[in-house]
Amino acid sequence: MTQAEPSSLPTTIVIASRGRPEMLLDTVGSILAGDRVPAEIVVVDQSPDPLAALADLEPERGCVLRYVHSATRGLSRARNIGLRLASQPVVVVLDDDMLVLADSLALLIAGRQGRTDTVTSGRLLMAEPERPGLSQAPGALVTRSEPEVFRGRQPRQVVPGPNISLPRDVLLSIGGYDERLGAGTRFPAGEDHDLSLRLLDAGCEVRHVPGAVVLHRAWRSRRDLLALQWGYARGLGGFYAKHASLRDRYALGLAVREAQRCGRLALASQRSAPKASVWELITLAGMGVGA
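Per the working numbering, the sequence shown runs over residues 24 to 314.
In structure tokens form, the structure reads like this:
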């Protein structure tokens, strides 16, 4: 393996991909065009056919790309493969439909302040629609504009899915991602909520770095978004059920508050905004099915 140049960051970016080769190439290109590049990018591609354009990519600016074409299925499984292959102490997780702003990676890593028990998250904003009428699910975005620090269990999720930096050793010590949760499984979401809880329980500090901005491409139709929300809700219900316990009522409390929130919004918007009401009812029903 080529030794990283001094300009590269001691970081491995892990990208799980399936069936989006053009977007994946754009994501990798945006990383390599940044002010600072990582020492390594690991792409775990679960597409039917390998992507030769990445498999043959040479090291650039001190960044080595490791392309793995995998016959496995599932986002969490792919991320675990990338995590185990990563050679750097810090792992940054991205998705294959994202564009990284030039200074984002450097700011995300700087926000760690050199600590080995810290997780950092950045903002995830929606890019301009690929064409009129397309969008991205609001739940897939992170828009908090103020720095925040979290320690211990929180009343909400504080570690999103992508645009996060993670201490590799800590993540491995808690078992990585739960492969029963996440896209490509019976519970196609919730892996980020699960990871957030387990990292906080492991004593990690979570720092939100709003300057670290990644754009989530807006390429989904409304029908896609409804299906995505149904899957998100099922995964969330699965997460609640996994951690539900009468001895430890934290997850039960989260589930009750989320169900109450969905119910209130569905009732309040049924006349003024019926589409929003349907959205909340889909979330409520999906949570029940997932649980």
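Even glycine gets a Cβ: it sits at the ideal position worked out from N, Cα and C.
Residue Pro170 holds the alpha-carbon nearest to the alpha-carbon of glycine 145 among Pro155, Pro170, Pro61, Arg176. For the options Leu124, Gly156, Arg230, Val113, the alpha carbon positioned closest to that of threonine 139 is the one of Val113. Just so you know, the alpha carbons of phenylalanine 262 and serine 30 end up roughly 40 Å apart. For threonine 306, the enclosing alpha helix (DSSP H) has its first and last residue at 297 to 313. Here proline 178 is not near aspartate 215, since their CB atoms are 8 Å or more apart.
A Cβ-Cβ contact shorter than 8 Å links isoleucine 197 with alanine 225. In the displayed model, isoleucine 132 falls within a helix according to three-state DSSP. No Cβ-Cβ contact shorter than 8 Å links leucine 98 with isoleucine 64. Within the stretch 29 to 111, the complete alpha helix (DSSP H) segments of 4 residues or longer fall at 44 to 55, 75 to 78, 98 to 108, listed in chain order. By the 16-neighbour rule on beta-carbons within 10 angstroms, alanine 94 is exposed. Taking one beta carbon from each stretch, the stretch 251 to 270 and the stretch 206 to 213 have 3 or more pairs nearer than 8 Å; the two touch.
Counting along the chain, serine 196 sits inside the alpha helix (DSSP H) bounded by residues 191 to 196. The distance from the Cβ of serine 244 to that of glycine 309 is about 19 Å, inconsistent with a contact at the 8 Å cut-off. Per DSSP, the beta bridge partners of threonine 143 are Ser188, Arg230. One thing to note: arginine 84 has its Cβ within 8 Å of the Cβ of valine 60. Between alanine 289 and glycine 311, the alpha-carbon positions lie close to 16 Å from each other. Non-local beta-carbon contacts of serine 292 in its own chain, meaning distances under 7 Å to residues more than five positions away in sequence, involve Ala299, Ser300 in chain order. In the DSSP assignment, valine 279 falls within the alpha helix (DSSP H) that extends over 273 to 292.
In the structure shown, the three-state DSSP call for proline 152 is strand. Taking C-alpha positions only, proline 33 is separated from alanine 78 by approximately 22 Å.
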